[in-house]
Ligand code: SF4
Ligand code: SF4
């Protein structure tokens, strides 16, 4: 495969990386965030590097288990565990919204325990804002006001001036980024896809961990390299992967090694991030807020299931999907219930669908593999 | 037309039977909380069933949208969560059949049983809702589970509740309630009658006054009321909201507590005073009796009885809506869900001190991920600041198959041994 051993993709395998270090060496700050309802453009315009909290490769939850109830999603417990072991000590700030109950509660432990540990003396400011759970005019006004207040808070805490100019520049960089990701996605859904699902995931994860101007150059290079490549020619079932967060390769590899190719997805680190751009013109902060608020939602948006289903249906056609794998991390109610409805709706359309639960730290590989292989065999 | 609220008929049957049973068997001065609770519950159920039979619209609502808000309509308000759990409390096999129906349909096992019950009943065609309404709170289960009703073609009216306690949030949510009520009105073909709603809110205010007095009396040593007051208060909050039965219930409870307080009497030979920062258990009401009689442990309060909000100012429509929003956002569970625990922990430590509690018991409910960080943080805070232990029990408060009543009792028994 064309991207195999591309050193750039290795960024997705670790938490900290050389670009973050260089960024901080030039006296600039890194802000950890969770999750897609955060306006990255705003942070970037404030000269803050947005780093999306994840736990890639971390295989422990023991410390997290002490502080969070065992019904908490294992991704969150693993992230917390990593944090308690110092994995996020490099952060200069922490920003979340009310994404899901699990991450919101992790946030207060970050504050009380992680950044309050004995021997850890750095002051790490925390930021929170409330995102509506439905899409409406009033909801947008609320969201925009929250973003205006967040901007003011960032300016005060980090002593920066976030000008319209810097916001416009940030919008350009981020729009370019999304355009490049869309181009790569188009190469992914070709008859002979130019990249695997695993590679697409690596690109997406790396994309959330380094400055956008740098990754844009890399994405140009990757795009070129992929276009020149032959593409994947062996006959494999074309799968769309949907559901809870996936930020490392194990689960994706399990599917792809079972005789499938994940040619599209509906995941937090995936297609949802690059479908739409910020409109140019008008008040830049309002435009940024509009994109984030009205973007194709995840199940935290309570009244938007139909739009999510429509995306799935359209993508199944466009990417010539043979079957859909719905998955949830145990205890993830949001994706669990959205998947429940998808399962019924897709079956009504006679689209092959497999609905599974799993843990963030992959333990029951044999059970999952058996189910996935049986599903792939069943697809005509 | 007659078969639109079958689970309410099931409820009425068990409530009436249980009431008759305790009334006949138990000596007159015993189990007064349960008797009074069942009597008032029975009245509310009879009234609602009759209204359903008259053809009034059935409005399903999330407990975080207090029922008195819906009293601006001629309707039968049915609480989704309350119905699942009252059946769990009173039917021999609880709501299990309905939990299983919806679980087999694909609802994740870890999602809250309080919604599962009614979801299963809808699959079984037992309810004919005209509309269902919910706020976007308090938990993932709510926003995850309610779209199911829309899938089943039941109109769903959602009011968006901000996840932060600020003045602007109350203003925003007040507007959302107005919009929501007007949408419901359109669906059921009625104009909201705010005068009627005002009367209901005033009844609630009256009841709140009594509850606050009762709250103070329960600080007495020994506690003058049975532990059963906690689950019965939860039932009153849900099934009697905005109705005279609620006032009647609390008037009787207050009179009883006052009488006992004066005589320094208690129905419990109180040896241990416990506080339950979260809920008591719904799948087995007899647990409260067991705690009182066998363990001699009084349950001074749980989340439904310490979480008291301010009365609603009904002097103008604007004030009324603003205070309704304030009330909804400070309702038990909702309050804690939409704020951070920086406030909750010190507040709870103060309550523990005021009530002179010896210990705490936290039922860590499978559904409530929005409480995911609190049990351990609270345990540490109670230990460090007051030297009081907190027992944490992993449980599904509405489904005995997760942690059985035996397991719960064993844990409590072991825990109390370390206290005495
Ligand atoms: S996987 Fe689900 S529970 Fe876990 S962080 Fe994501 S949305 Fe929350
Ligand atoms: S707050 Fe807890 S008990 Fe209430 S619906 Fe949500 S999960 Fe269930």
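Residue numbers (our numbering), protein chains in the order written: chain B, 1 to 380; chain Z, 1001 to 1420.
C-beta atoms are modelled at their ideal positions from N, C-alpha and C, and glycine is treated no differently.
Exercise for review: Take residue 246 of chain B as the anchor and find which of B:376, B:155, B:75 has the nearest alpha-carbon.
Suggested key: The residue with the shortest Cα to Cα distance from residue 246 of chain B is B:75.
Review point. Is there at least one Cβ from chain Z nearer than 9 Å to residue 360 of chain B's Cβ?
Key: Chain Z contact via Cβ: absent.
Exercise for review: State the beta-bridge partners of residue 265 of chain B as determined by DSSP.
Suggested key: Beta-bridge partners assigned by DSSP to residue 265 of chain B: B:241.
Review point. For residue 102 of chain B, is the beta carbon positioned less than 8 Å from some heavy atom of ligand 1?
Key: At least one heavy atom of ligand 1 is nearer than 8 Å to the Cβ of residue 102 of chain B, so yes.
Review point. Terminal residues of the continuous alpha helix (DSSP H) containing residue 1022 of chain Z?
Key: It spans 1006-1025 - the alpha helix (DSSP H) in which residue 1022 of chain Z sits, taken as one unbroken run.
Review point. Using a Cβ-Cβ distance under 9 Å, would residue 1143 of chain Z count as near chain B?
Key: Residue 1143 of chain Z counts as touching chain B.
Check your understanding: With a CB to CB cut of under 7 Å and the five nearest residues on each side skipped, what residues in its chain are close to residue 1227 of chain Z?
Key -> So the list reads 1288, 1291, 1292, 1298, 1299, once near-sequence residues are dropped.
**Study point:** Simplified DSSP state of residue 1029 of chain Z, which is helix, strand or coil
**Key:** In the three-state reduction of the DSSP assignment, residue 1029 of chain Z falls in the coil class.
**Study point:** Three-way DSSP call (helix, strand, coil) for residue 327 of chain B in this model
**Key:** Looking at residue 327 of chain B - three-state DSSP - the assignment turns out to be strand.
Check your understanding: Taking C-beta to C-beta, are residue 376 of chain B and residue 199 of chain B nearer than 9 Å?
Key -> No. Outside cutoff.
Check your understanding: Thinking C-beta only, is residue 295 of chain B closer than 9 Å to residue 260 of chain B?
Key -> A distance of 9 Å or more separates the beta carbons of residue 260 of chain B and residue 295 of chain B.
Review point. Comparing the CB of residue 133 of chain B with every heavy atom of ligand 1, is any distance shorter than 8 Å?
Key: It does not: the Cβ of residue 133 of chain B is nowhere closer than 8 Å to a heavy atom of ligand 1.
Check your understanding: Nearest chain B C-beta to residue 1368 of chain Z closer than 9 Å, yes or no?
Key -> Output row for residue 1368 of chain Z: interface = yes.
Exercise for review: Using a Cβ-Cβ cut-off of 9 Å, state whether residue 336 of chain B counts as contacting chain Z.
Suggested key: At least one chain Z Cβ lies under 9 Å of residue 336 of chain B.
Point to revise | chain B within 9 Å of residue 1107 of chain Z, Cβ atoms only | key: Taking Cβ atoms only, chain B reaches closer than 9 Å to residue 1107 of chain Z, which makes this a yes.
**Study point:** Per DSSP, cross-strand counterpart(s) of residue 260 of chain B
**Key:** The partner list for residue 260 of chain B (beta bridge, DSSP) reads B:237.
Review point. For the segment 1116-1145 of chain Z, which residues have a CB atom closer than 7 Å to at least one CB atom of chain B, in sequence order?
Key: Answer in chain order: 1136, 1139, 1140, 1141, 1143, 1144, 1145.
Exercise for review: Verify whether the separation of the beta carbon atoms of residue 33 of chain B and residue 51 of chain B is less than 9 Å.
Suggested key: Yes, they are a contact pair.
Practice item. Could you check the C-alpha separation between residue 265 of chain B and residue 1329 of chain Z for me, to the nearest Å? Key: One C-alpha to the other measures close to 37 Å.
Review point. Would residue 86 of chain B count as contacting chain Z if we go by Cβ distances under 9 Å?
Key: Taking Cβ atoms only, chain Z never reaches closer than 9 Å to residue 86 of chain B, which makes this a no.
Exercise for review: Go through its chain and collect everything with a Cβ distance to residue 1214 of chain Z's Cβ below 7 Å, but skip five positions before and after it.
Suggested key: These residues qualify, in order along the chain: 1250, 1253, 1254, 1257.
**Study point:** Between the CA atoms of residue 1402 of chain Z and residue 312 of chain B - distance to the nearest angstrom
**Key:** C-alpha separation (whole angstroms): 35 Å.
**Study point:** chain Z within 9 Å of residue 351 of chain B, Cβ atoms only
**Key:** No - not a single Cβ of chain Z is within 9 Å of the one on residue 351 of chain B.
Check your understanding: Can residue 1221 of chain Z and residue 1276 of chain Z be called in contact, C-beta distance under 9 Å?
Key -> For the 9 Å CB-CB criterion, residue 1221 of chain Z and residue 1276 of chain Z do not form a contact.
Check your understanding: Where do the ends of the alpha helix (DSSP H) carrying residue 158 of chain B lie?
Key -> That run of the alpha helix (DSSP H) goes 137-158.
Practice item. Answer with buried or exposed for residue 1026 of chain Z, where buried requires no fewer than 16 other C-beta atoms within 10 angstroms of its C-beta. Key: With a 10 Å radius around the Cβ and a threshold of 16 neighbouring Cβ atoms, residue 1026 of chain Z comes out exposed.
**Study point:** beta strand (DSSP E) segment containing residue 1078 of chain Z, residue limits
**Key:** Per DSSP, residue 1078 of chain Z belongs to the beta strand (DSSP E) from 1076-1079.
**Study point:** chain B within 9 Å of residue 1371 of chain Z, Cβ atoms only
**Key:** At a cut-off of 9 Å between beta-carbon atoms, residue 1371 of chain Z makes contact with chain B.
Check your understanding: Would the beta-carbon of residue 334 of chain B be found less than 8 Å away from any heavy atom of ligand 1?
Key -> Relative to ligand 1, the nearest heavy atom lies less than 8 Å away from the CB of residue 334 of chain B.
Check your understanding: So, does the CB of residue 139 of chain B fall closer than 9 Å to a CB anywhere in chain Z?
Key -> Output row for residue 139 of chain B: interface = yes.
Point to revise | Entirely enclosed alpha helix (DSSP H) segments - the segment 166-231 of chain B, minimum 4 residues | key: Those alpha helix (DSSP H) runs which fall completely within the segment 166-231 of chain B and span 4+ residues are 197-207, 212-228.
Practice item. On a CA-only basis, which of Z:1239, Z:1338, Z:1139 is nearest residue 1043 of chain Z? Give me that one, please. Key: Comparing alpha carbon positions, the residue from Z:1239, Z:1338, Z:1139 closest to residue 1043 of chain Z is Z:1239.
Practice item. Using a Cβ-Cβ cut-off of 9 Å, state whether residue 1111 of chain Z counts as contacting chain A. Key: Here the protein chains are B and Z, and chain A is not one of them.
**Study point:** chain Z within 9 Å of residue 10 of chain B, Cβ atoms only
**Key:** No, its Cβ sits nowhere closer than 9 Å to a Cβ of chain Z.
Review point. Residue 133 of chain B by DSSP, collapsed to three states: which one?
Key: Secondary structure of residue 133 of chain B (DSSP, three-state): coil.
**Study point:** Paired residues, beta bridge with residue 33 of chain B - DSSP
**Key:** B:52, B:95.
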